[in-house]
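Counting along the sequence shown from 1, when you hit position 328 you're at 922 in this note's numbering, and nothing is skipped either side. Virtual Cβ for every residue (Gly too), placed ideally from N, Cα, C. The structure appears right after this line, and notes come after that.
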Amino acid sequence: MILWRKPPTREDDVQAFLRLAAALLALALAAGPAGQARAQGYPEKPVRIIVPFAAGGPTDVIARIVGDKLSAALGKQFYVVNQPGAGGNTGTAMAAAAPPDGHTLLAVSTGFMINPSLFAKVPYDPVRDFAPITIVAVSPNVMTVNPTVPARSVRELIELIKANPGKYSFASPGVGSTPHLSGEIFRISRGLDLATVQFTGAGPAIQSTVGGHTPIAFTALPPAAPQIREGTLRALMVTSETRAPGFPDVPTAAEAGLPGQEAYTITGIVAPAATPRETVALLHREIVKAAALSDVQKRLDELGFTVLAGTPEEFAARIKVEMEKWGKVIRDAKIGAEAPK
Numbered sequence: 595m596i597l598w599r600k601p602p603t604r605e606d607d608v609q610a611f612l613r614l615a616a617a618l619l620a621l622a623l624a625a626g627p628a629g630q631a632r633a634q635g636y637p638e639k640p641v642r643i644i645v646p647f648a649a650g651g652p653t654d655v656i657a658r659i660v661g662d663k664l665s666a667a668l669g670k671q672f673y674v675v676n677q678p679g680a681g682g683n684t685g686t687a688m689a690a691a692a693p694p695d696g697h698t699l700l701a702v703s704t705g706f707m708i709n710p711s712l713f714a715k716v717p718y719d720p721v722r723d724f725a726p727i728t729i730v731a732v733s734p735n736v737m738t739v740n741p742t743v744p745a746r747s748v749r750e751l752i753e754l755i756k757a758n759p760g761k762y763s764f765a766s767p768g769v770g771s772t773p774h775l776s777g778e779i780f781r782i783s784r785g786l787d788l789a790t791v792q793f794t795g796a797g798p799a800i801q802s803t804v805g806g807h808t809p810i811a812f813t814a815l816p817p818a819a820p821q822i823r824e825g826t827l828r829a830l831m832v833t834s835e836t837r838a839p840g841f842p843d844v845p846t847a848a849e850a851g852l853p854g855q856e857a858y859t860i861t862g863i864v865a866p867a868a869t870p871r872e873t874v875a876l877l878h879r880e881i882v883k884a885a886a887l888s889d890v891q892k893r894l895d896e897l898g899f900t901v902l903a904g905t906p907e908e909f910a911a912r913i914k915v916e917m918e919k920w921g922k923v924i925r926d927a928k929i930g931a932e933a934p935k
């Protein structure tokens, strides 16, 4: 099954540029002279962007890029606070409880939409408790191994795991993340004796595999990109429908013999519910402008992201679609987690 619509290809670039330009023009016309002024003097103080995972993962990378651009555009510091725990629920609950004044934002990934189906109970509602601002980018997941693992393809890795039951495990960046689900679908679909080791973000998961503690890792592509280029990790496949632009030698899931296992990580920005609409509109406008900058697009492309900025309404609709879609995957695969404390 296809778990996410195909991201824009290079052939879509012209149309994407025209859509983005039209969106920026519409924003400017709708705002008018008054709209160009700061929304109620916002921001009045530094703004924290909560990342509910450890530093180094795709959500963290996006949050820091967005924070730097917002700091420059709005004249106050937008700083990242990493608050990992309970598969992202700890930091998400903190953001949900924050004053809805625009001075606390939350960087979210697809786990934000998955957790309500994965956990028996979560301390927030993605639809009720948050005001979507925009999706920023999407990225495929990647399967990597420590270079000492004697497998240079997915087929060879499957044979190796089957020949050594109980020996191999894979590192996951968090319960319910799309890389975690990619790993579980891989394990279940091939009937493998493969243990799952959970970490509080992509950074720790990657370091565990680089260090040889967990021989295999499923993470989003961006945080693993430096190690793949350095050769401290070997990439066996990406979970996209086409090869990642920065990694043309890494096969797709279908090319590796795993059709139907395409999956992507969405990264976006939300605010607590009841955040003033004019503040949400201002943040949306500035983030979309930042996403259109050539240096941002170049940086994200190098890391394996595809920019996919849209409107708050589009993000709200996508949240509902992803919740329903991943809920079905979790039920069908019988994947669950303990309720977060």
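I'd like to know if the region 787-803 and the region 858-872 are in contact, where contact means that at least 3 CB-CB pairs between them fall below 8 Å.
With a cut-off of 8 Å, the region 858-872 and the region 787-803 do not count as touching, because too few Cβ pairs lie within range.
Can you tell me whether A697 is buried or exposed, with buried defined as 16 or more other CB within 10 angstroms of its CB?
It should be pointed out that residue 697 corresponds to His in this sequence rather than to Ala. When all chains shown are included, H697 counts as buried.
By DSSP, does S821 sit in helix, in strand, or in coil?
Here residue 821 turns out to be Gln, not Ser, going by the sequence shown. In this structure, Q821 counts as helix in the three-state DSSP scheme.
List the whole-angstrom C-beta distance separating M917 from P717, where the pair is believed to meet the contact cut-off of C-beta under 8 Å.
Rounded, the Cβ-Cβ distance is 16 Å, inconsistent with contact.
With a 10 Å radius around its C-beta and 16 neighbouring C-beta atoms as the bar for buried, classify R642 as buried or exposed.
Buried, since its Cβ has 16 or more Cβ neighbours within 10 Å.
Using a Cβ distance threshold of 8 Å, determine whether the region 799-819 contacts the region 728-735, with at least three qualifying pairs required.
At 8 Å Cβ cutoff, the stretches touch.
Tell me, please, whether the region 671-686 touches the region 646-659 by the rule of three or more beta-carbon pairs shorter than 8 Å.
Judged by Cβ distances under 8 Å, the region 671-686 makes contact with the region 646-659, as three or more pairs qualify.
Taking the alpha carbon of T846 as the point to measure from, which residue in E835, G854, S888 has its own alpha carbon closest?
Checking every option, the nearest Cα to that of T846 belongs to E835.
So A927 and I822 are in contact, right, with Cβ under 8 Å, and what is the actual spacing, rounded?
Wrong, their Cβ atoms sit about 27 Å apart, outside the cutoff.
Buried or exposed: which applies to E856, given that a residue is buried once 16 or more other Cβ atoms fall within 10 Å of its Cβ?
Label assigned to E856: buried.
Within the chosen definition, does the region 824-833 reach the region 733-752 through at least 3 CB pairs nearer than 8 Å?
Counting Cβ pairs under 8 Å, three or more are found: they touch.
Roughly how many angstroms lie between the CA atoms of T861 and I656, to the nearest whole one?
One C-alpha to the other measures close to 7 Å.
Quick one: what does DSSP say P627 is sitting in, helix, strand or coil?
Residue placement at P627 is poorly supported in this model, since its pLDDT is 46, which falls under 50; the coordinates are not used for a value here.
Verify whether the separation of the beta carbon atoms of T790 and G770 is less than 8 Å.
Not closer than 8 Å, so no.
How long is the line joining the alpha carbons of V901 and Q671, rounded to whole angstroms?
Cα to Cα, V901 sits roughly 23 Å from Q671.
Let me know if L830 comes out buried or exposed under the rule of 16 or more other beta-carbons within 10 Å of its beta-carbon.
Burial call: buried.
Please report the residue range of the alpha helix (DSSP H) in which S747 lies.
Note, S747: premise wrong, no alpha helix (DSSP H); not H, not E.
What does a CB cutoff of less than 7 Å around L894 pick up in its chain, not counting 5 residues either side in sequence?
Around L894: A731, V901.
Which class does A622 belong to by DSSP, given the choice of helix, strand or coil?
In this predicted model, A622 has a pLDDT of only 49, less than 50, meaning its place in the structure is not dependable enough to derive any value.
Please state whether DSSP places L699 in a helix, a strand or coil.
Strand at L699.
According to DSSP, which residues form a beta bridge with A865?
Beta-bridge pairing links A865 to A725.
Using beta-carbon positions only, say whether I863 and A701 come within less than 8 Å of one another.
Yes, Cβ-Cβ distance for I863 and A701 is below 8 Å.
Give the straight-line distance between the Cα atoms of V721 and R746, rounded to the nearest whole angstrom.
Approximately 43 Å between the Cα atoms of the pair.
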